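K.L.:
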Amino acid sequence: MAAVEKRRPAGTPAGSFTDSGRPSVSRTAAAVESEEDFLRQVGVTEMLRTALLKVLEARPEEPIAFLAHYFENMGLRSPANGGAGEPPGQLLLQQQRLGRALWHLRLAHHSQRTAFNNNVSVAYECLSKSGRRKKPGLDGRTYSELLRHICRDGQAPEEVVAPLLHKIQCRDHEAVPLGVFRAGMLTCFVLLEFVARASALFQLLEAPGLATIDRRVGQAVLDTLEGALGAGDHATTPACYLEAGSRLGPDSLALAMDRAAAGRRPSSPMAREEFLEKAAALFIAKVKPVG
Amino acid sequence: MSRLSVPCHVKGAVALQVGDMRTFQGRPGVVVIDVTFPSIEPFELQEITFKNYYTAFLTIRVRQHTSAHTPAKWMTCLRDCCLMPDPHSEDGAQEYVSLFKHQSPSVTFPKWLSHPMPCEQSALLLEGLPDPSRVSSEVQQMWALTEMIRASHTSTRIGRFDVSYLFPLLGLHCPEQVRPHSPLCYRWMAVMT
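Printed below as a string of structure tokens:
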């Protein structure tokens, strides 16, 4: 380990925590250092600064828990995880990379677009690093695996998200550029939120005591949404948004539901899975496929 | 609904003047005819019929009195409707012309705007039907999320072309910053491998 000068110019830390490795730092035995110098040399200043910037960017609801998670994950950053012995295998490295990328992607909600995009870039870089046997860049297989991870953790049923993955997945050996990666991540997270809203909607429509909804009512609500989305198919003018707002207003929906419930067709139940699948299909239809 | 002629008073034609009327340049060839309706009762104009006399293009503007509070506004119903395909020939020069209401594009409202929902909603909260405002809130959020995704798309191409499986893949990776956009480059990369 290299020896360092006694006096360092302000602003250049001797070592800092980076993604690639452990800090390398050394102090000469006779050095007299101030506390500030000490903190800077071991890299704590830089680390805390980065952590605080992350908090500011993400604006989490529970900042302390957020910071706790952040520091917990710091330990996962270096591949040689503090232990002696042989370095971890490629599979473990890959899992660690995925884990870190996932963690970055979850730092900010997709609606905080700047923060989200920044995190996407960091995640992309993290996944694109070359390992001993890995070429630089993000390959389709890792990208697809990441998409599946996100959807699984987001508690969306597999059949619901499968059509989306089919649309935006890349082939295993394809190189995935940042633009495609970013669009895919955004679409994925937005779909998860969409499915969460659809789930809440299902609960609203649920008949009391049953785990199903009246099929006619459920279908009427979905048809109304489909109609509102269809208005924007050929042109997106402000008038389309006004029209959609009118169709999706409480009065209009109440009328649609009332008509459906009063209709001549007999009532039959619709389960949650089917409702979510149909709702997600409306979303996925508007997603541009890759390629 | 029967069709009735609406009594109207057609004023004399007034030529628009630009600059000096004495020279030829002062007469641009645009003439304005005012038509007023002496009847006070409101009516819905369905058709205008007249005989042309060597007018090539016709624009009709209407001033509607919609309510007592808002001032009457001029609206263009028809703009540059062609009555004579060739102004220097006789075609259409002395024809009878009928213009119908449906030909004017700007006065038709979309159905959702002209037929708003009726206000009696209390009867609709029947037993078993969910609260429409909460349902509406969720559905609107779902709509907004979908519209957002529809609007956001990347222009980055993945650079996929389907003969790729025939070539080894070393030549196909390209960092995004230097990604070439021209098809020529892709063909070059294929040849290189």
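Protein chains in written order, with this note's numbering: chain A, 6 to 296; chain B, 2 to 194.
The beta carbon of each residue, even a glycine, is placed where N, CA and C say it ideally should be.
All figures in this text were calculated on a predicted structure; none of them were measured in a lab.
1) Would the region 165 to 172 of chain A and the region 282 to 292 of chain A be scored as touching if the rule is three or more Cβ pairs under 8 Å?
2) Please list, in chain order, the chain A residues whose beta carbon lies closer than 8 Å to that of B/Met149.
3) Report the partner residues of B/Tyr97 according to the DSSP bridge assignment.
4) What is the DSSP secondary structure of A/Asp256, counted as helix, strand or coil?
5) At a CB distance below 7 Å, what residues from the region 45 to 77 of chain B approach chain A? Give them in sequence order.
6) Do the region 143 to 159 of chain A and the region 270 to 278 of chain A meet, that is, are 3 or more Cβ pairs less than 8 Å apart?
7) Give, in chain order, every unbroken run of the alpha helix (DSSP H) that is at least 4 residues long and sits entirely within the region 87 to 173 of chain A.
8) My guess is that A/Leu253 and B/Ser134 are in contact by the Cβ rule of under 8 Å, so how many angstroms apart are they, rounded?
9) Within its chain, find whatever has a CB closer than 6 Å to the CB of A/Ala266; leave out the 5 residues flanking it on each side and keep chain order.
10) In terms of residues, what are the limits of the alpha helix (DSSP H) holding A/Asp42?
11) Just to make sure I have the definition right: I need the residues of chain A whose C-beta is within less than 8 Å of the C-beta of B/Ser1. Which are they?
12) B/Arg4 touches chain A at which residues, Cβ-Cβ below 8 Å?
13) Identify which residue in A/Leu215, A/Gln208, A/Ala161 and A/His178 has its Cα closest to the Cα of A/Cys193.
14) On the criterion of 16 or more Cβ atoms from any shown chain inside 10 Å, does B/Asp92 qualify as buried, or is it exposed?
15) What are the start and end residues of the alpha helix (DSSP H) that includes A/Arg277?
16) Do A/Leu112 and A/Ala63 come within 8 Å of each other at the CB atom, strictly closer than that value?
17) Assuming B/Thr157 contacts A/Val185 under a Cβ cut-off of 8 Å, what Cβ separation, rounded to an integer in Å, is found between them?
18) Compare the beta carbon distance of B/Val32 and B/Ala57 with 8 Å and say whether it is the shorter of the two.
19) Suppose the cutoff is 7 Å on Cβ atoms and the five residues either side in sequence are ignored; what does the same chain contact list for B/Asn53 look like?
20) With DSSP as the reference, identify every bridge partner of A/Phe71, one or two as the case may be.
21) Report the CB separation of B/Lys102 from B/Leu46 in whole angstroms; it is logged as a contact under 8 Å.
22) Please compile the residues from chain B whose C-beta is within a distance smaller than 8 Å of the C-beta of A/Val226.
23) Once you ignore the five residues that flank A/Gly189 on each side, which residues in its own chain have a CB closer than 6 Å to its CB?
24) Give a yes or no on whether the minimum CB-CB distance between B/Leu79 and chain A is below 8 Å.
25) Less than 8 Å between the CB atoms is what I'm expecting for B/Ser153 and A/Leu191, so what's the real figure, rounded?
26) Let me know the secondary structure DSSP gives B/Lys102 once reduced to three states.
27) If I'm right that B/His10 touches B/Thr37 with Cβ under 8 Å, what's the distance once you round it to whole angstroms?
28) On the criterion of 16 or more Cβ atoms from any shown chain inside 10 Å, does B/Glu48 qualify as buried, or is it exposed?
29) Give me the Cβ distance between A/Ala314 and B/Trp144, rounded to the nearest whole Å; I'm assuming they're in contact under 8 Å.
30) Going by other Cβ atoms of all chains shown within 10 Å of its Cβ, with 16 needed for buried, is A/Met79 buried or exposed?
31) Within a Cβ cutoff of 6 Å, which residues of the same chain sit near A/Tyr5, ignoring the five residues on either side of it in sequence?
32) For chain B, check one thing: does any of its Cβ atoms lie closer than 8 Å to the Cβ of A/Gly88?
33) State the Cα-Cα distance for the pair B/Thr147 and A/Lys291, rounded to the nearest angstrom.
34) Quick check on B/Gly4: buried or exposed, where buried means 16 or more other Cβ atoms within 10 Å of its Cβ?
35) In three-state terms, what does DSSP make of A/Ala205?
36) Alpha helix (DSSP H) containing B/Gln141: first to last residue?
P.N.:
Considering the structure as presented:
1) yes
2) Val195
3) B/Lys52
4) helix
5) none
6) no
7) 95 to 110, 118 to 133, 145 to 158 and 163 to 173
8) A/Leu253 to B/Ser134, Cβ: 11 Å. No contact.
9) Val222
10) Glu40 to Val47
11) Any answer about residue 1 of chain B is impossible in this case: the structure gives chain B only from 2 up to 194.
12) Neighbours of B/Arg4 on chain A: none; closest Cβ ~32 Å, over 8 Å.
13) A/Ala161
14) exposed
15) Arg277 to Ile289
16) yes
17) 5 Å
18) no
19) Leu84, Gly93, Ala94, Gln95, Glu96 and Val98
20) Answer is none; A/Phe71 lacks a bridge partner.
21) 6 Å
22) Val136 and Val140
23) Ile173
24) no
25) 7 Å
26) helix
27) 5 Å
28) exposed
29) For residue 314 of chain A there is no data in the structure shown, the boundaries of chain A being 6 and 296.
30) exposed
31) Residue 5 of chain A lies beyond the stretch modelled for chain A, which goes from 6 to 296, so this question has no answer here.
32) Because A/Gly88 sits at a pLDDT of 43, beneath the cut-off of 50, its placement in the model cannot be relied upon, and the following sentence gives the value as read from the coordinates. False, the Cβ-Cβ gap to chain B never drops below 8 Å.
33) 7 Å
34) Looking at the sequence itself, residue 4 of chain B is Arg, so the reference to Gly does not match. So B/Arg4 counts as exposed.
35) helix
36) Pro133 to Ala152
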